[in-house]
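Trainee:
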Amino acid sequence: MTTRKPTDVRRTEIADAALRVVATRGIAALSTRVLADAVGLTTGALFKHFTSRDALLLGMAERVHELLQATYSDPALPPRERLHRLAEARLTLVSGSAGVLTLVLSEQFALALPDDAVRVLREAIGETHAFVAGAVRDGQADGSIRADVPAEALGLVFMGALQMTALARRTGAVAVTPSAVEALDVLFRPTLTLEKP
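Read in order, the letters of the sequence shown are residues 114 to 310 in my numbering.
In structure tokens form, the structure reads like this:
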């Protein structure tokens with residue numbers, strides 16, 4: 114006799130399967146039949162967990178938010194180490210779940226999402242920027258991060274560089290070595306000041 118999985122476990126499995134379908138086949142391929150087959154359920158059983166397509170898309174966005182939240186490093190770490198660990202964790206996440214990158218970066222996909230799902234993703238992006246900018250401000254205060262660029266701006270540059278590194282890894286468009294995370298650290302090095310003669 115097969116034991117039924119708890120609802121929260123099954124919802125996570127369904128959201129993860131939906132992310133895989135979107136990443137590998139596109140949102141147009143995300144049907145209840147494809148998704149039910151991917152998780153070993155009937156379409157009727159699928160609707161017990163997500164009552165509509167919009168509910169499923171919201172569930173995917175919430176799953177992405179949950180996965181992104183799990184990548185934040187300990188705020189007690191030194192600022193540059195916090196950022197280094199965040200970069201490593203995010204790159205590991207998107208290499209193992211391409212759907213996360215697709216959901217966060219695709220404007221076309223965002224147009225297909227219900228407003229609640231868009232709000233969840235915007236919140237996740239805002240939280241990431243707040244975390245990064247906070248670490249940058251802490252580093253600027255202790256002298257470990259350059260202070261000639263505002264923390265919010267440097268945070269956006271870091272996030273953009275991290276996203277492009279993740280995209281390059283995923284697509285294979287550019288050879289990305291393990292030292293890519295260390296290269297991101299260059300953005301933060303305090304600038305050298307030369308003494309006037």
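Here a beta-carbon is modelled for each residue, glycine too, at the ideal position from N, C-alpha and C.
Here's the rule I'm using: 16 or more other beta-carbon atoms within 10 Å means buried, otherwise exposed. How should A254 be labelled?
Mentor: exposed
Trainee: Please classify T184: does DSSP put it in a helix, a strand, or coil?
Mentor: Residue state, collapsed to three classes: coil.
Trainee: For G172, does the count of other Cβ atoms within 10 angstroms reach 16, so buried, or fall short, so exposed?
Mentor: buried
Trainee: Count the other CB atoms within 10 Å of the CB of T215; is the residue buried (16 or more) or exposed (fewer)?
Mentor: buried
Trainee: Going residue by residue through the stretch 147-217, where are the continuous alpha helix (DSSP H) segments of at least 4 residues, counting only ones entirely within it?
Mentor: 156-162, 166-182, 192-209
Trainee: Using 8 Å as the Cβ pair cut-off and three pairs as the minimum, do the stretch 218-227 and the stretch 240-257 touch?
Mentor: no
Trainee: For L307, I'd like the list of residues in its chain whose CB is within less than 8 Å of its CB, leaving aside the five on either flank, ordered along the chain.
Mentor: Note that L307 scores a pLDDT of 44, beneath 50, so its modelled location is shaky and nothing firm can be said.
Trainee: By how many angstroms is the C-alpha of G153 removed from the C-alpha of D129?
Mentor: Straight across, the Cα-Cα distance linking D129 with G153 is about 13 Å.
Trainee: Cβ of L234 within 8 Å of Cβ of V177?
Mentor: Yes, Cβ-Cβ distance for L234 and V177 is below 8 Å.
Trainee: For P192, does the count of other Cβ atoms within 10 angstroms reach 16, so buried, or fall short, so exposed?
Mentor: buried
Trainee: Would you check if the distance between the CB atom of D187 and the CB atom of P227 is smaller than 8 Å?
Mentor: Contact: no.
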